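Read through the structure below, which is laid out as structure tokens, and then see the notes.
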Amino acid sequence: MSLDHLFDIASAASRATNGTISIRRPDDWHIHLRDGAMLRAVLPFTEAQFARGIIMPNLVPPITTAAEATAYRDRILSARAPGSDFKPLMTCYLTDDARPDELERGFVEGIWVAAKLYPAGATTNAHSGVSDLKRIDPVLDRMERLGMPLLVHGESTDPQVDIFDREAVFIENALIPLMARHQGLKIVFEHATTVEAVDVVSSHAPRLAATITPHHLVINRTSLFQGGLRPHLYCLPVAKRERHRLALRRAITSGAECFFIGTDTAPHPRNRKQADCCSAGVFAGATALQTYVQVFDEEGALDRFEAFAALNGPKFYGLPVNAGTITLERKPSRVAAAVAVDDDEVVVFRGGESLPWSIAGIAP
Ligand code: DOR
Ligand code: ZN
Numbered sequence: 032m033s034l035d036h037l038f039d040i041a042s043a044a045s046r047a048t049n050g051t052i053s054i055r056r057p058d059d060w061h062i063h064l065r066d067g068a069m070l071r072a073v074l075p076f077t078e079a080q081f082a083r084g085i086i087m088p089n090l091v092p093p094i095t096t097a098a099e100a101t102a103y104r105d106r107i108l109s110a111r112a113p114g115s116d117f118k119p120l121m122t123c124y125l126t127d128d129a130r131p132d133e134l135e136r137g138f139v140e141g142i143w144v145a146a147k148l149y150p151a152g153a154t155t156n157a158h159s160g161v162s163d164l165k166r167i168d169p170v171l172d173r174m175e176r177l178g179m180p181l182l183v184h185g186e187s188t189d190p191q192v193d194i195f196d197r198e199a200v201f202i203e204n205a206l207i208p209l210m211a212r213h214q215g216l217k218i219v220f221e222h223a224t225t226v227e228a229v230d231v232v233s234s235h236a237p238r239l240a241a242t243i244t245p246h247h248l249v250i251n252r253t254s255l256f257q258g259g260l261r262p263h264l265y266c267l268p269v270a271k272r273e274r275h276r277l278a279l280r281r282a283i284t285s286g287a288e289c290f291f292i293g294t295d296t297a298p299h300p301r302n303r304k305q306a307d308c309c310s311a312g313v314f315a316g317a318t319a320l321q322t323y324v325q326v327f328d329e330e331g332a333l334d335r336f337e338a339f340a341a342l343n344g345p346k347f348y349g350l351p352v353n354a355g356t357i358t359l360e361r362k363p364s365r366v367a368a369a370v371a372v373d374d375d376e377v378v379v380f381r382g383g384e385s386l387p388w389s390i391a392g393i394a395p
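Heads up: the sequence shown is residues 32 to 395, going by the numbering used here.
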């Protein structure tokens, strides 16, 4: 890291004292943008906050080839607002039949930057995921050799395992053996929600890192039942006990480089959330930075916000830090409660609420 960045952190910290903070433009290392009308409805919120984003490949059908990733990237680029410089970073969805040569080709040609591992059936559109991790050993060997990161949805799919224990069980039974088989493979443990995840990531950094969502920093499992069942707070991994939420807040404000932003913004239409079987996903993208900065403020750690938001992710992925800055202000703001999509709408996480922080502006 150049001295340049250090000076930036120092100046950001001092500017924070008077209620504003300017940091390098942040990135979102875990986004579901979907496609078509939904893509056009939600992309403006992400591009207003983030310079780059890791785009999840769990479309129907999933993005498994370099050609599909190129076409999807082009659809995202053409959905951007005029003047937007948002850069989508594409990923490949791993299936049992994933081919090492295709993975390598897409990576070497700069079409995708990582591959996503969904254990089959673990979450939304994960039915084509990997049924047995050993089946993709040749793919993982190749990725290890290339330095291509593996992004992991870390939950056990064993129906006997209690849903609140699925992350911890996956770490013991799948992640640790996988790291032993592929000792040089770079891995992101996506949307970490537990003390167990924080511990395993901290002790295996820097080859292992984790993204943390805004919602898992401010809700716990009791929030899901606050005054009744709250479908718009249901996502996977599901929010855990309070002690886990507090561990996530300590982790991101600790200054450790192995934690960075990944909103897991996952929009679903209201009719799919308020349904007999509610889809998993929280649309967190529209209030993400306001929530993250509020957490750093509450923890007395604004001087560490820039590293989590804008430096640690690029360092892990081997990408440059963004050139511009974003300024956040401790001034109440409100985002719309819902966003229209076709003849339905998506409910915004913390939408309609008065948020203590607002986005003041972006300088390119
Ligand atoms: O809650 C979730 N929603 N978790 C995931 O892993 C996938 C996501 C989605 O695509 O809706
Ligand atoms: Zn996700």
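Glycine included, C-beta positions come from ideal geometry on N, C-alpha and C. Since the structure is predicted, the reported quantities are computational estimates derived from the model, not experimental observations.
A distance criterion of 7 Å places the beta-carbon of Met87 in contact range of ligand 2, judged by its closest non-hydrogen atom. If you look at Val219, you'll find it in the beta strand (DSSP E) that goes 218-220.
With a threshold of 16 other beta carbon atoms within 10 Å, Lys362 falls short and is exposed.
If you check the C-beta of His263 against ligand 2, you find no heavy atom less than 7 Å away. Closest in C-alpha terms to Phe195, from the list Glu227, His213, Phe220, Glu175, comes Glu227.
Listed as beta-bridge partners of Gly392 by DSSP are Thr358.
Shown here, His246 sits in a helix according to DSSP, grouped into three states.
In this model, Lys118 and His235 are separated by some 29 Å (Cα to Cα). Within the DSSP bridge table, the entry for Tyr124 names Lys147 as partners. Taking the Cα of His246 as reference, the smallest distance to any Cα among Ala297, Pro190, Arg71 is reached at Ala297. The segment 74-89 makes no contact with the segment 188-207: fewer than 3 CB pairs, one atom from each, lie closer than 8 Å. Annotation: the continuous beta strand (DSSP E) that includes Thr51 extends over 51-55.
The segment 62-81 and the segment 108-125 touch, with three or more beta-carbon pairs separated by less than 8 Å. Rounded to the nearest whole angstrom, the C-alpha separation of Arg56 and Leu182 is 23 Å.
If you check the CB distance, Glu329 and Gly50 do not come in under 8 Å.
Judged by beta-carbon spacing, Ala146 lies within the 8 Å limit of Met174, meaning their Cβ atoms are closer than that value.
By the Cβ-count criterion, Phe256 is exposed, with fewer than 16 other Cβ atoms from all chains shown falling within 10 Å of its own Cβ. One thing to note: His222 has its Cβ within 8 Å of the Cβ of Asp295.
Nearest to Ala129 by alpha-carbon distance, out of Ala97, Gly141, Ile292, is Ala97. Short of 8 Å from the beta carbon of Arg71, and not among the five residues preceding or following it, lie these beta carbons of its own chain, in chain order: Ala110. Annotation: Thr284 to Ala278 spans about 10 Å, alpha carbon to alpha carbon. For the pair Thr122 and Leu134, the Cα-to-Cα distance works out to about 10 Å. A distance of 8 Å or more separates the beta carbons of Tyr124 and Thr154.
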